[in-house]
Amino acid sequence: MLILSKKSLTSLRAESWSISIDAGLRAAGKRIRWRRTLEAVAFTMPLIVLLAAFYVVVARFTLADLPRWPLLLVLPMWLVGIVLWSARQHITRAEAARYLDRNLDLDERMSTCLEIINSARLARSRSPHNPLSYALFVDAAEALDTRLDLLPGSFRLPLRMTNALAIAGALLLLTGALMAPTTVDLIRAEKIALGKSVQDQLLEVRALRADIDKNQQISGNLKQAMLGELDGLENKLNEPGLDRAGGIAALADSEERLRSLLQRPSDDFDALVAGAQIVWNGVGSNLKWDPLEAASQTDLGRAAEATQFLAAEVSQLSATQERRLSAALERGSSQVSARDARLGTELGGGATAIRTRDRNKAVQALTQAAQGFASADRAREDSLSLETALSKLNKGREQIAQVGKPSSRKSQVGFRRRGVDTSSGPQTPATPGDGQSSAGGDQQDGNQSHSQSQKSGMGPTMGGNVPAYGSTQADPQPNSPSNGPPSANSGQGGTNAPGSSVAGGDGKNAQPGVQDGANQAGSPKTSGGSSGDSGGQAGTLQGQINGPVGGTSGAISQVKNPAGAGGSTGQGVQADTQGASDTEQVYVPGKSQTTNEAGGGSPPGQVLPQDTQGGDGGQASRSDPNGTSGEQVSGGRGSGGLAPVHTPYKQVIGKYAAQATDALERAYIPPDAKDYVRDYFSGLGK
Amino acid sequence: MALTEKDVTSATRGTSSAGAAPPLDLSPEAFREQALRIEQEIGKVIVGQRNLVHQVLVALIAGGNVLLEGVPGLGKTVLVRTLAQVIDCQFSRIQFTPDLMPADIVGTNILNEDEHGRRNFEFQAGPVFANLLLADEINRATPKTQSALLEAMQEGTVSVARTVYQLPKPFFVLATQNPLEMEGTYPLPEAQLDRFFFKLNVTFPTAAELIAISDRTTSGVEPDVGQVVTAPDVLAMQRLARQTPIASHVTAYAVRVLRATHPDTPEAGTMTRRYVRYGGSPRALQAMILAGKIMALLDGRYNVAFRDIRTAALPALRHRLILNFDGEAEGISPDAVIAAVMEETPEEAQ
């Protein structure tokens, strides 16, 4: 017990208690700073977590393109801010003293001590000495020494219930924001992919524009129109914020406008090209005119040059040359007159003039014919350019429509517009025999082909046949298009109508229902490529061959018989597609060879197969223009059939689907049936 | 934050031009020891009522007056008489009745005739001239008579016929009043009440205390109460108590408590606003602070703590609160209001 006296006041050293008080104040100051820091942590943590959650929500659930890395900086920045704030806190001695009084139950000893000290320091002379001060100081020091260890722990977080609930709620929100499923990522990825696709289309459009610009064979007005349209399209695609619908709409609009410029589809020139081939082939075979040295690389261009050359050489023709050239011109005339009567007339006139040795007239007719070919060549170049552009735009539109979407949607957007090739890369449509075979529709169209001219080639103007697939079209149902009942035998051609010299397929692998030797279904494995196939493959054929040119192009079996008697036949085809269930027999330009010399030489358009694995007994017959004497060509093994060029199934499915879509759009078909067709192709496309 | 040597020196020894610190004629320990002896001696007579005795002692050391309120027979008079015996000072008792006159309290000048036949007025001191004055049932006297104590209680003087008479020191008035028999009584005016340092309620003894009372008072053995302190000792205790340091924020707390008893202050709580017409006077603050100082010393501390203020608040404020009509009608006691005030008033300023 302290006995306060004069003696004790002088004997006790002041430092003994001041050190204790000072140590206590320092410890209290540290605790207060730390406690405030923890309080700041507890108070600001919900705000920070809420801020982070808000950022996550914005980043994950909106289309705002926010980076994720700022989220990682939230915690460090918050901690740094807390530390800086804590360091700037000024803890007064009075605060420390009160903290000690409050937490150590000192009954305001420390704060009173400090106040006495401060009063003495500030007031000095006017401050009356308090005789109890020293006793108070010593008492406070003793109390501090014994209780300082009882200060609350430094690391105890001063969490109130509201704080805890706020933190828990904020953390829950953040977790939810992080874990909740969102489709925005997909949308964003789709948006990015869409942007990339649009950029790709921009590049495509620019490349296409450059190609068109460089192409000297396109007529000036058309070129300007196309370039203007592509410029407009480029501007539209360059517009900021372009979305999928906008991109598709821009491409579709441009496509429609370009389509309006298309006067004649390129396959409309197929007959002309076939005739041109006959002409330049005849000239090249009989005169010293080398087609390889021709200035033009197109058949029509070559024909123009060949005709011009012939006009120049007409006075020097030998009899044999006159006979052969006259025949070639006549065949060419018959080929082209369906599409260009004037040109056919000129060619026919030229042939007649050569045969009658009326040279002036021949020169005149041939010159006119050369001009006709040249004009047709330019028109065809225009069409090809337009179709190429259309194809690219359509492809781009499809890519934009499909980009970033789940694969399940792709089948929904795979429909094409009429005449648009969806295969990769531009194709030159409607060259003779260029159309890919579509075994589908063979039965029906094939039937028609015997009695009427049926254009069914592939390409932009491909007929509205219902696409079918060879693998499913080995319909054994007999056909009897125009001549005779269906033959039940299997191996012999059917009974042909008078005047026709149709040789039926040999039928080795013909199935029941083979009919009239012209159309027989192949085995189910084949895709329509059975031997002796003729009119039955109408859906696969290109071009038209009149009677005299029966079996011209390799894939051609659609024969127009002017006499209406008897069906001409195509080439016997045996397509062995075993092991290649996703391929079918198609014609590929440049892989053909002319082999048919029977009947006055192989027409230029006749393309014979390079490989015929199963062309057993295939026969082809031709009917003359009068329908009386058809040449019969035996399609022996390896010689009479088309080359079974195998094309991957997936390369043609698009075209077939496009045809189907086109047909769905153009003809009235019950909705249920439409859905059925769409589902069918969707299923195939997967 | 560290204390400097200069701070320590100035705080303990003082650097004032007045020179050395005034001498301490009583150490805090002696103070506490004497107070303890007083309580022990009173305890020989008064059974229980320790808190009452403690607070009476606080008021005595503070130099204040106490209003004891309790039913008859609880030992109020015995307490005061015993206190007078313990302190060894002059004791006087006035039984207040309606016909009691002021002169009966303070005294009066009477006409005397000396041996020479000359007449002069001679002041005849009343019973108020004592160290301890028991004003028994003070509320039975008329306000005029009650007012006779005003000067004595506040100033320690008595003025009679232009002459001021100094009352002996220490002067300590212990007034009692019976809360039950209110008929024919005159409630003390506010001015009178405000001059009481404390108002203490004398509670009824517990069963054990009653047994002890019975044993002591019916056995025929008188307790031997001795004189433990003198009047100068009491004065020394009064001087020491006033030197007890108090921190400013503790004083501020007492101020906030006092202001919280006034309904028109920001510190006023719900109950104050609803039931109080007027709160404590500055004397109440003085009473709280001074009582806090004495309580700290009696508790062995050298500074006033918040709890001292809290302990002193109730007896210092309860007779100074004037309830409004609602408070009176609903039977709200001032103690309840003060308890609410203490609960609502934070120790640290907001």
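Taken in order, these protein sequences are the chains called A and B. For the first sequence, the numbering used here begins at 1 and goes up steadily by one. For the second sequence, the numbering used here begins at 1001 and goes up steadily by one. We treat Cβ as the ideally placed atom computed from N, Cα and C, and that holds for glycine.
For a quick check, are the C-beta atoms of residue i and residue j less than 7 Å apart?
| i | j | result |
| --- | --- | --- |
| Asn-1139/B | Phe-1123/B | no |
| Ile-1352/B | Met-1288/B | Nothing in the structure corresponds to residue 1352/B, since chain B is present only between 1001 and 1350. |
| Ser-111/A | Ala-96/A | no |
| Ser-254/A | Gln-399/A | no |
| Leu-171/A | Val-58/A | no |
| Arg-1032/B | Leu-1298/B | yes |
| Ala-40/A | Tyr-99/A | no |
| Arg-380/A | Phe-269/A | yes |
| Pro-1200/B | Leu-1052/B | What sits at residue 1200/B in the sequence shown is Leu, not Pro. In contact: Leu-1200/B and Leu-1052/B (Cβ atoms closer than 7 Å). |
| Val-1106/B | Val-1160/B | yes |
Which value, in whole angstroms, describes the spacing of the CA atoms of residue i and residue j?
| i | j | result |
| --- | --- | --- |
| Arg-1195/B | Met-1153/B | 7 Å |
| Ala-1340/B | Thr-1270/B | 9 Å |
| Asp-705/A | Leu-251/A | The shown model of chain A, from 1 to 686, leaves out residue 705/A, and the question about it has no answer. |
| Pro-131/A | Ile-21/A | 19 Å |
| Cys-1089/B | Leu-1060/B | 12 Å |
| Gly-169/A | Thr-175/A | 10 Å |
| Lys-191/A | Gln-201/A | 15 Å |
| Ala-687/A | Arg-1256/B | A question about residue 687/A goes unanswered here, because the residues of chain A that appear run from 1 up to 686. |
| Gly-683/A | Asp-213/A | 41 Å |
| Arg-1307/B | Pro-1072/B | 32 Å |
| Pro-1168/B | His-1054/B | 23 Å |
| Ser-1281/B | Ala-1191/B | 10 Å |
| Asp-679/A | Trp-289/A | 54 Å |
| Val-80/A | Asn-103/A | 29 Å |
| Gly-1126/B | Ala-1148/B | 11 Å |
| Gly-228/A | Ala-249/A | 17 Å |
| Val-1078/B | Arg-160/A | 54 Å |
| Ala-294/A | Leu-63/A | 60 Å |
| Gly-463/A | Val-652/A | Low confidence applies here, because Gly-463/A scores a pLDDT of 34, under 50, leaving its location unreliable and the question unanswered by this model. |
| Glu-115/A | Pro-1346/B | 20 Å |
| Ala-53/A | Ala-166/A | 13 Å |
| Asp-149/A | Gly-1331/B | 49 Å |
| Ala-1062/B | Leu-47/A | 55 Å |
Can you give me the start and stop residues for the alpha helix (DSSP H) that residue i sits inside?
| i | result |
| --- | --- |
| Leu-73/A | 69 to 87 |
| Ile-1294/B | 1282 to 1298 |
| Ser-260/A | 244 to 261 |
| Asp-662/A | 649 to 666 |
| Val-1234/B | 1231 to 1242 |
| Ala-1135/B | Note, Ala-1135/B: premise wrong, no alpha helix (DSSP H); beta strand (DSSP E) at 1132 to 1136. |
| Ser-285/A | 270 to 286 |
Which same chain residues end up closer than 7 Å to residue i when comparing Cβ atoms and leaving out the 5 residues on each side of it in sequence?
| i | result |
| --- | --- |
| Lys-1144/B | Pro-1102 |
| Gly-350/A | Leu-329, Ala-362, Ala-365, Leu-366 and Ala-369 |
| Thr-1082/B | Ile-1042, Val-1045, Ile-1046 and Val-1225 |
| Leu-664/A | Lys-674 and Val-677 |
For the beta strand (DSSP E) holding residue i, just list the boundary residues, first then last.
| i | result |
| --- | --- |
| Thr-183/A | Looking at the DSSP string, Thr-183/A is not in any beta strand (DSSP E), and its letter there is neither H nor E. |
| Lys-1199/B | 1198 to 1201 |
| Tyr-1165/B | 1163 to 1166 |
Looking only at its own chain, which residues have a Cβ that is under 6 Å from the Cβ of residue i, when we skip the five neighbours before and after it?
| i | result |
| --- | --- |
| Phe-137/A | Trp-17 and Cys-113 |
| Ala-1084/B | Phe-1091 and Leu-1132 |
| Ala-303/A | Ala-276, Val-279, Trp-280 and Phe-373 |
| Glu-1344/B | Gly-1269 |
| Glu-108/A | Asp-101 |
What does a CB cutoff of less than 8 Å around residue i pick up in its chain, not counting 5 residues either side in sequence?
| i | result |
| --- | --- |
| Glu-234/A | Leu-202, Val-205, Arg-206 and Arg-209 |
| Gly-220/A | none |
| Gly-1156/B | Gln-1166, Leu-1167, Lys-1169 and Phe-1171 |
| Asp-185/A | Arg-60 |
Legend entry - Proximal residues, the region 1237 to 1254 of chain B versus chain A, C-beta separation under 9 Å: Residues Leu-1240, Gln-1243, Thr-1244, Pro-1245, Ile-1246, Ala-1247, Ser-1248, His-1249 and Val-1250.
Inset, instruction - Would you list, in chain order, the members of the region 1301 to 1313 of chain B that have their beta-carbon closer than 9 Å to a beta-carbon of chain A? - result: Close to chain A, meaning a Cβ-Cβ distance shorter than 9 Å, are the following residues of the region 1301 to 1313 of chain B: Arg-1301, Tyr-1302, Asn-1303, Val-1304, Ala-1305, Phe-1306, Arg-1307 and Asp-1308.
Inset, instruction - Please name the residues in the region 1023 to 1034 of chain B whose beta-carbon is closer than 7 Å to at least one beta-carbon of chain A, in chain order. - result: Result list: Leu-1024, Ser-1027, Pro-1028 and Glu-1029.
Inset, instruction - Please name the residues in the region 38 to 58 of chain A whose beta-carbon is closer than 9 Å to at least one beta-carbon of chain B, in chain order. - result: none
Legend entry - Chain-ordered residues of the region 101 to 117 of chain A with a beta carbon less than 7 Å from chain B: Asp-107, Glu-108, Arg-109, Ser-111, Thr-112, Glu-115, Ile-116 and Ile-117
Legend entry - Short-range partners of chain B found in the region 132 to 144 of chain A, where Cβ spacing is below 7 Å: Leu-132, Ser-133, Tyr-134, Ala-135, Leu-136, Phe-137 and Asp-139
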